[in-house]
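Enquirer: 866 is the number of the first residue of the sequence shown in the working numbering; add one for each residue after it.
Where is the CB? At the ideal position from N, CA and C, for every residue including glycine.
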Amino acid sequence: MMRDARRSCGLFLLAVLLIFHCIATCSALCSAVNGTLAVTNSRTTLLQEYGPAGNVLTTLEQNVCLILQCRVQDAFVYDDPYWLLVTVPDIGIQGWVADYYADCGYVGYCQVQTC
């Protein structure tokens with residue numbers, strides 16, 4: 866009986882430690898690279914050029930990590946005139962995303978240097 870209780874407690878503790886390790890590792894992978902960080906706030910496209918006429922490189926799902934390089938002002942997406950040059954570390958591709966679809970962790974436009 867005591868052995869089963871210790872085993873259950875040990876497995877629970879191991880599971881909790883594993884969860885914390887995964888969270889810390891995922892955060893470190895996204896934040897270990899230089900640049901401003903953001904995540905996609907909904908499904909969107911990564912474009913070869915900025916603006917509505919850009920060729921689609923790939924589709925990004927919600928909550929994909931982005932490393933912001935710089936921004937330009939161009940065609941509005943809803944009320945947002947900025948387009949962000951980003952690197953997507955998960956797939957190693959660089960391209961353009963409308964600022965409207967990037968969540969930088971605060972209200973308003975992503976604050977990054979002009980290209």
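1) May I ask which residues mark the beginning and end of the beta strand (DSSP E) holding Gly960?
2) With 16 other CB atoms within 10 Å as the buried threshold, where does Thr979 fall?
3) May I have the straight-line CA-CA distance separating Leu933 from Ser907, to the nearest angstrom?
4) Which residues in the same chain have their Cβ closer than 7 Å to the Cβ of Ala903, if we skip the five residues on either side of it in sequence?
5) Whose C-beta lies closer than 8 Å to the C-beta of Gln913 among residues of the same chain, with five residues either side of it excluded?
6) Within a Cβ cutoff of 6 Å, which residues of the same chain sit near Pro946, ignoring the five residues on either side of it in sequence?
7) Skipping 5 residues on each side, what residues in its chain have a beta carbon closer than 8 Å to that of Val935?
8) Are the beta-carbon atoms belonging to Val929 and Asp964 less than 8 Å from one another?
9) For Tyr947, does the three-state DSSP call read helix, strand or coil?
10) Report all residues from its chain with a CB closer than 6 Å to the CB of Thr924; omit the five preceding and five following residues, and keep chain order.
Expert: For this structure:
1) Ile958 to Ala963
2) So Thr979 counts as exposed.
3) 17 Å
4) Leu931, Leu933, Ala967, Asp968, Cys969 and Cys975
5) Once the five neighbours on either side are set aside, the close Cβ partners of Gln913 are Gly919, Asn920, Val921, Leu922, Gly960 and Trp961.
6) Gln938
7) According to the sequence as given, residue 935 is Cys; it is not Val. So the qualifying residues of the chain are Leu949, Leu950, Val977, Gln978, Thr979 and Cys980.
8) no
9) strand
10) Thr910
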